[in-house]
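Visitor: So the sequence shown is numbered by full-length UniProt numbering: it starts at 1 and just counts up by one.
Each residue gets a CB set at the ideal place from its N, CA and C atoms; glycine is no exception.
These figures come from a predicted structure and were not determined experimentally.
Mind looking over this structure? Questions follow.
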Amino acid sequence: MNIKVCPIEEAINLIGHKWKVLIIRNLLTTDHQRFGCLQKGINGISQKMLTQQLRQLEQDGLISRKVFAEVPPKVEYSLTDLGRSLQPILESISTWGKGYLETKGTDSKDFIDD
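What follows is the structure in structure tokens.
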């Protein structure tokens, strides 16, 4: 029996959680980031939730985790090539979101730069 899969459903399963998209957004701005930097850059995310989402993104092959052998331990996160391939998708979402906000009367000077 051949089971059909929906590519949109698969993509949403990978990045559909709001925190995952924001983690990817933040990692697109730099080559790598440490945990604390990521947490500061994502308003409202708890340490537990960030840890869970980073583990899931790593398991799915969208980010990589590099541990440095030093005391205290240093860990950096970066996007894999697969994760970086999401950039045009997030840019399209941002463009759409800006248009939506403008139809709601939000002044573009109030937008956060991506």
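Can we say the segment 24-34 touches the segment 78-98, given the rule of at least three CB pairs closer than 8 Å?
Guide: Yes: at least three Cβ pairs fall under 8 Å.
Visitor: I'd like the span of the alpha helix (DSSP H) that includes residue 24, first residue to last.
Guide: Where residue 24 is concerned, the enclosing alpha helix (DSSP H) stretches over 18-28.
Visitor: Can you grab the Cα-Cα spacing for the pair residue 92 / residue 98, in whole Å?
Guide: One C-alpha to the other measures close to 10 Å.
Visitor: With a Cβ-Cβ cutoff of 7 Å, do residue 19 and residue 3 count as a contact?
Guide: No, Cβ-Cβ distance for residue 19 and residue 3 is not below 7 Å.
Visitor: Quick one: using the 10 Å Cβ neighbour count with 16 as the cut-off for buried, is residue 36 buried or exposed?
Guide: Residue 36 comes out exposed.
Visitor: List the whole-angstrom C-beta distance separating residue 23 from residue 42, where the pair is believed to meet the contact cut-off of C-beta under 8 Å.
Guide: So it is a contact: roughly 7 Å between Cβ atoms.
Visitor: Can you tell me the Cβ-Cβ gap for residue 17 and residue 53, rounded? I've got them flagged as a contact below 8 Å.
Guide: Confirmed, about 7 Å.
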